[in-house]
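Have a look at the structure below before the remarks.
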Amino acid sequence: MRLPPDRAEDLVQAFLADRLLDRNILRQAASEKGRLRSFVLKVFGNFVIGELRRQHAHKRRPSSSDAAVALDDLPELPSGGASMADAFDTVWARQVLARTLDRMRTA
756 MRLPPDRAED
766 LVQAFLADRL
776 LDRNILRQAA
786 SEKGRLRSFV
796 LKVFGNFVIG
806 ELRRQHAHKR
816 RPSSSDAAVA
826 LDDLPELPSG
836 GASMADAFDT
846 VWARQVLART
856 LDRMRTA
């Protein structure tokens, strides 16, 4: 799977701890179904794929600073004779300024 050696070792240790020790996966092995080695390799391959998918899914998750805003939390649109484009620009500018101030305060 072309993983760095340290990552591969971590996955092997996690597999041994989770699947072999905690879940006792060897209980499911049956001599009628094939070799034990093939069974363990298949279970290990599935484990690694699942871990890598979980890792990539975590990377795609938005960070808490970029979390979605509830519709009720959005500022009201300016009323009056302003066009929709002007109203959008005003709300957008306020949000940009608010996020910028928040980031400056936390930095």
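Just so you know, we're using the working numbering here: the sequence shown kicks off at 756 and counts up by one. All C-beta atoms in this analysis are idealised placements derived from N, C-alpha and C, irrespective of residue type, glycine included. No experiment lies behind these values; they were computed from the predicted model shown.
Here Leu766 is near Glu806, since their CB atoms are less than 8 Å apart. Assignment of Asn779 by DSSP, reduced to helix, strand and coil, places it in the coil class.
Going by C-alpha positions, Ser838 is about 21 Å away from Leu852.
For Pro760, the enclosing alpha helix (DSSP H) covers residues Pro760 to Phe770. Counting the other Cβ atoms within 10 Å of the Cβ of Phe843 gives fewer than 16, which makes it exposed. Met756 is a Cβ neighbour of Val803, given a cutoff of 8 Å.
DSSP places Met859 in the helix class (H, G or I) of the three-state scheme. In the displayed model, Arg792 falls within a helix according to three-state DSSP.
Met839 carries a helical assignment under DSSP once its states are collapsed to helix, strand and coil.
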